[in-house]
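Asker:
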Amino acid sequence: ATEQSSKDEL
Amino acid sequence: MNIFRLCGDMSHLAAIIILLLKMWKTRSVAGISGKSQILFATVFTARYLDLFTSFISIYNTCMKVFFIGTVYFTIYLIYMKFKATYDSNHDSFRVEFLIVPVGGLAFLVNHEFAPLEIIWTFSIYLESVAILPQLFMISKTGEAETITSHYLFALGSYRALYLCNWIYRYYAEGFFDLIAVVAGVVQTILYCDFFYLYITKVMKGKKISLPA
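Chains A and B are the protein sequences, given in the same order. Counting from 1, one number per residue, gives the positions in the first sequence under the numbering used here. Counting from 11, one number per residue, gives the positions in the second sequence under the numbering used here.
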């Protein structure tokens, strides 16, 4: 799973 | 990526395009708060510092470049090109009352006490209150142009859609970021009275005029 974080959000 | 977040980003994109169209077509920034735009520029600059260090996707990079580019272009239009139409008397919200507490909170409440994390947290907290100078300006002038109302509706909807995105991610991926969610809820709540005015008035072709 991708490293879960909000950083992939704008 | 999920449909809620995509719609949220498109709504955010639409808001910025509506704002630029209003300024370019009317060649005026009347009713637009330059202070809010400066706060948004600070939010994007602080949040997208990883623009060059971490590549997530073409979409992510393009959107970040577009958001940063347009917000600085908006500031240029307000404070330089269409400066004569900028209503600084009504754009009098004391932004230091926002930046100082938000900066302090980012130091105290974050996921990790590291520079990039604190700066990211600061951008999340700041974004939730960045619209206040604009809403304050509308309450002082007592009205908002219809196009400005559309801008605010799209801007408010973007974070409301992100709340749906976080609900979806919680149930679909078991992912949850309390800081982003709480700030997003605060940000959306600040638009509620505007949403009410927009739906009861603008949708019926009337202009928004506060305490009528």
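Built from N, CA and C at the ideal position, the CB exists for glycine as well. Since we're looking at a predicted model, the values are computed, not measured.
Using beta carbons (cut-off 8 angstroms, strictly below), is B:Phe185 in contact with chain A?
Answerer: Under the Cβ distance rule, B:Phe185 counts among the residues neighbouring chain A, one pair being separated by less than 8 angstroms.
Asker: If I follow the unbroken alpha helix (DSSP H) through B:Thr158, where does it start and stop?
Answerer: Thr156 to Glu183 is the extent of the alpha helix (DSSP H) around B:Thr158.
Asker: Count the other CB atoms within 10 Å of the CB of A:Gln4; is the residue buried (16 or more) or exposed (fewer)?
Answerer: exposed
Asker: If B:Val105 sits next to B:Leu49, beta carbons under 8 angstroms apart, how far is it from one beta carbon to the other, in whole angstroms?
Answerer: Yes, B:Val105 and B:Leu49 are in contact; Cβ-Cβ is about 6 angstroms, under 8 angstroms.
Asker: Check each candidate in B:Phe76, B:Phe54, B:Tyr161 and B:Asn99 and name the one with the smallest Cα separation from B:Trp130.
Answerer: B:Phe54
Asker: Quick one: does B:Ala56 have its CB under 8 angstroms from some CB of chain A?
Answerer: no
Asker: Listed from N- to C-terminal order along the chain, which residues in the segment 57 to 78 of chain B have their beta-carbon within a distance smaller than 9 angstroms of any beta-carbon of chain A?
Answerer: Arg57, Tyr58, Asp60, Ser64, Ile66, Ser67, Asn70, Met73, Lys74 and Phe77
Asker: Quick one: measure Cβ to Cβ for B:Tyr161 and B:Ala25, integer angstroms, because I've assumed they're closer than 8 angstroms.
Answerer: 5 angstroms
Asker: Can you tell me the Cα-Cα spacing of B:Trp176 and B:His121, whole angstroms?
Answerer: About 17 angstroms.
Asker: Could you pull out every unbroken alpha helix (DSSP H) segment of at least 4 residues lying fully inside the segment 22 to 89 of chain B, listed in chain order?
Answerer: Listed in chain order, they are 44 to 57 and 68 to 86.
Asker: From the DSSP output, which residues share a beta bridge with B:Glu237?
Answerer: Nothing about residue 237 of chain B can be read from this structure; chain B reaches only from 11 to 222.
Asker: If you compare alpha carbons, which of B:Ser67, B:Gly44 and B:Tyr206 is closest to B:Phe92?
Answerer: B:Gly44
Asker: Just tell me which of B:Ile189, B:Gly166 and B:Phe186 has its CA closest to the CA of B:Tyr206.
Answerer: B:Gly166
Asker: Against chain A, does B:Arg15 count as a neighbour if the rule is that its beta carbon must be under 8 angstroms from one of theirs?
Answerer: For B:Arg15, the answer is yes, since a Cβ of chain A falls inside 8 angstroms of its Cβ.
Asker: What number of angstroms, rounded off, separates the C-alpha of B:Ile28 from the C-alpha of B:Phe103?
Answerer: 23 angstroms
Asker: Name the chain A residues that come within less than 9 angstroms of B:Ala190, Cβ to Cβ?
Answerer: Ser6 and Glu9
Asker: Across which residues does DSSP place B:Glu153 in a beta bridge pair?
Answerer: Partner(s): B:Ser219.
Asker: B:Gly79: which of B:Tyr58, B:Met147 and B:Phe163 sits nearest, CA to CA?
Answerer: Distance from the Cα of B:Gly79 is smallest, within the candidate group B:Tyr58, B:Met147 and B:Phe163, for B:Tyr58.
Asker: Might you give, ordered along the chain, the residues of its own chain that have their beta carbon closer than 8 angstroms to the beta carbon of B:Phe132, omitting 5 neighbours on each side?
Answerer: Ala56, Val112, Gly113 and Ala116
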